[in-house]
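Below is one structure; the comments refer to it alone.
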Amino acid sequence: MKWLGDLRDKFDKPYPFTGDLRSSLKVIALIAVFVFFFVLFFVTGFIPAHEFGRKLLFSAYFGAVTLVIPVINTLIFLATIPEKMRDNWTVKHEIGLYMIQVSAIAVGNFAVTELYGLQPFTIVAFVESCLTTVFVATIPVSVSVLIEERKRFKKYAEMARVMNTASAHDRDETRPAAKVVEQNIVLEIDEETRVAEREILYIESDKNYVRVKLVDGGEHRVRSTLKDLLERNTSPRLLRVHRAFIVNVAAIASVDGNAQGLKLQLKNVRETIPVSRTYIDELKSCISLN
17 MKWLGDLRDK FDKPYPFTGD LRSSLKVIAL IAVFVFFFVL FFVTGFIPAH EFGRKLLFSA
77 YFGAVTLVIP VINTLIFLAT IPEKMRDNWT VKHEIGLYMI QVSAIAVGNF AVTELYGLQP
137 FTIVAFVESC LTTVFVATIP VSVSVLIEER KRFKKYAEMA RVMNTASAHD RDETRPAAKV
197 VEQNIVLEID EETRVAEREI LYIESDKNYV RVKLVDGGEH RVRSTLKDLL ERNTSPRLLR
257 VHRAFIVNVA AIASVDGNAQ GLKLQLKNVR ETIPVSRTYI DELKSCISLN
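Laid out in structure tokens, this is it:
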């Protein structure tokens, strides 16, 4: 069925890994506050309305569960999900992550009602409560992630289109700026290694080392950091675009954009270089100036 194939394609689309605690904490806190007030004013049947103090405490427990469990889960995600998987994160991974959070919160909130003595514990009641929560959350979670994917895709695809247009215009060698590319700048990689700027494709961080990838397919691996390398060399063509990558702007063939952000396709190499949001403005400026 075509619609099933289309749906599967949507769930396989790239999506940014959002398990970062700093970016998630604000959202988690807002949801916890919402749960607190929702339970306080709209959930009935557990505690009589006239026992406001008891209901206030009960609502606070629910809010605390909704706050603490996602924070713990996020720390677990960060410790267990490998970097390679995060780089290949998709819509279905993101939905799955949300559903793990929802399931854990459902278990925690059921435990609150049990510890509060509001309902007797039975396996049937436990399973029914958890499955109901997951079932109710599946559609809104899936829809919200798919909508966010579309928004991000349109944003970064348009950004990439504009950059590619500017880059194509800049390759006009009749323009004065094109002469800058031909300058023979020699970079100091370490005390013994010197490399002409035009020979570099990109530089990648590798723990306590950096790997300098060359146009001819060669590579230099030296003990250094990207920060130290940039401090030793003031090159107009070397641009940091990610915590792990520096690229030679003259080696950029095109810019691609999807929901994960921007990626650079370099000349004569298959791999793409990710661009962190922190460095997007610098990349735009560099492309428009060159």
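Sequence positions in the sequence shown follow our numbering and run 17 to 306. Glycine is no exception: its CB is placed at the ideal position from the N, C-alpha and C atoms.
| Item | Value |
| --- | --- |
| Segment contact, 8 Å Cβ cut-off, at least three pairs: the region 142 to 151 with the region 62 to 74 | no |
| First and last residue of the uninterrupted alpha helix (DSSP H) at I63 | Here I63 belongs to no alpha helix (DSSP H), and DSSP marks it neither H nor E. |
| Segment contact, 8 Å Cβ cut-off, at least three pairs: the region 22 to 36 with the region 94 to 113 | yes |
| Secondary structure of Q117, DSSP reduced to three states | helix |
| Nearest-angstrom Cα separation, counted from S75 out to N125 | 10 Å |
| Straight-line Cα distance separating E220 from A260 | 6 Å |
| Cβ pair I47, T82 closer than 7 Å | yes |
| Enclosing alpha helix (DSSP H) for R286 [first to last residue] | No alpha helix (DSSP H) holds R286; DSSP gives it neither H nor E. |
| Three-way DSSP call (helix, strand, coil) for T311 in this model | Outside the displayed range of the chain (17 to 306) lies residue 311, so it cannot be described from this structure. |
| Residues that DSSP places opposite Y225 in a beta bridge | D222, R239 |
| Under 7 Å between C-beta atoms of V263 and V257 | yes |
| Boundaries (first-last residue) of the alpha helix (DSSP H) holding D272 | Not the alpha helix (DSSP H): D272 falls in the beta strand (DSSP E), residues 268 to 274. |
| Extent of the continuous alpha helix (DSSP H) run through F27 | 18 to 27 |
| Neighbour-count burial assignment, S42, 16 or more Cβ in a 10 Å radius | First, the amino acid is wrong: residue 42 is Lys here, not Ser. By the 10 Å Cβ count, K42 comes out exposed. |
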